[in-house]
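Under this note's numbering, the residue at position 240 of the sequence shown is numbered 240, and the numbers go up by one with no gaps. The block underneath contains the structure these notes are about, expressed in structure tokens.
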Amino acid sequence: MSTLRRDELAGFLRTRRARLRPAEVGLPEGVRRRTPGLRRQEVAQLAGMSIDYYIRLEQGRGPHPSRQVLAALARALLLSRDERAYLFRVAGESPPDAVGPSREVPAGLRHLLDAMTETPAYLVDAAYEVLAWNRLAAWFVGDLSAVPAGERSMVRWMFGRTVPESHWADPEVLRFARTTVADLRAAYGRYPADPALAGLVTELLGLSPRFAALWAEHEVGEQRPTVKRVAHPELGPLEFECRVLHVPETDQRLIVYVPEPGSPTQAAFRRAAERVGS
């Protein structure tokens, strides 16, 4: 346990309280609010503590808050993952581990996906569950909205379907699979309490000898770009770089199919984009 920094904790609580509107936490706006943000008694109510105890924390003279109190304050103040970690640290505690991968899609990432009109792209969580996608990706890989949430696992698609052995003869396919498993193992280590992630690994260990062999190598690491070659039924042969971009604030990955400028694949993507947009 490190040192409780009372003044820093007090200032942080005051500024986080001031930025929130009552409607954001399910409270009526009311009238006669002379200052922006929530009242102290409202934060205390949301966190399930006495108003006197919360006032002392904001004044830098309260007792050392317990981990339960800090967790309640983080929920009441709608803190982000980074803010929650900071709250624990200035209170002299180590931040709690995240239970599982974040599956909330930030609005900015959704807007970014929609803006990429000529490039297939989709967003996955740390366990490679597809969370969001753009229109060209839907045309390219199928209508993912028809697949129930929780069943859009790229890793399950990769290792759970029957493919000819020649599929794995492509070194780029094998390299992408290997780095995906290494990235999945890293997530497995970060979220040991997530039942969905543990269940996925257990399922694939029993289902796919190839997954089991790669998992047994204990490689850990993030994805690297690979070249993919696809024989698309409508677009014909395609070749593009598959970029997997890490999103630090949510521990998600943005997967983008990047064609070579001026290539037949880029032209095919543009034709597809015109068809999707029409």
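Using N, Cα and C, we set each Cβ at its ideal position, and we do this for glycine too.
Check: 8 Å contact criterion, which Arg178 and Leu214 should meet: CB distance rounded; Outcome: 6 Å
Check: Cα-Cα separation, Pro209 to Ala216; Outcome: 10 Å
Check: Strand pairing of Thr226, partner residues [DSSP]; Outcome: Cys242
Check: Segment limits, alpha helix (DSSP H) that includes Ala290; Outcome: Given a span of 1 to 278 for the chain in the structure shown, any question on residue 290 remains unanswerable.
Check: Straight-line gap, Arg287 to Tyr86 (C-alpha atoms, nearest Å); Outcome: The displayed coordinates of the chain run from 1 to 278. Any statement about residue 287 would go beyond what the structure contains.
Check: Glu260, DSSP secondary structure in three states; Outcome: coil
Check: Reference Tyr257, options Pro233, Glu249, Arg229, Gly277, closest by Cα; Outcome: Arg229
Check: Under the three-state DSSP convention, the category Pro237 falls into; Outcome: strand
Check: Glu58 versus Ala23 - alpha carbon distance; Outcome: 22 Å
Check: Touch test, the region 249-269 against the region 226-241, Cβ-Cβ under 8 Å, three pairs minimum; Outcome: yes
Check: Through-space distance from Gly11 to Arg40, alpha-carbon basis; Outcome: 13 Å
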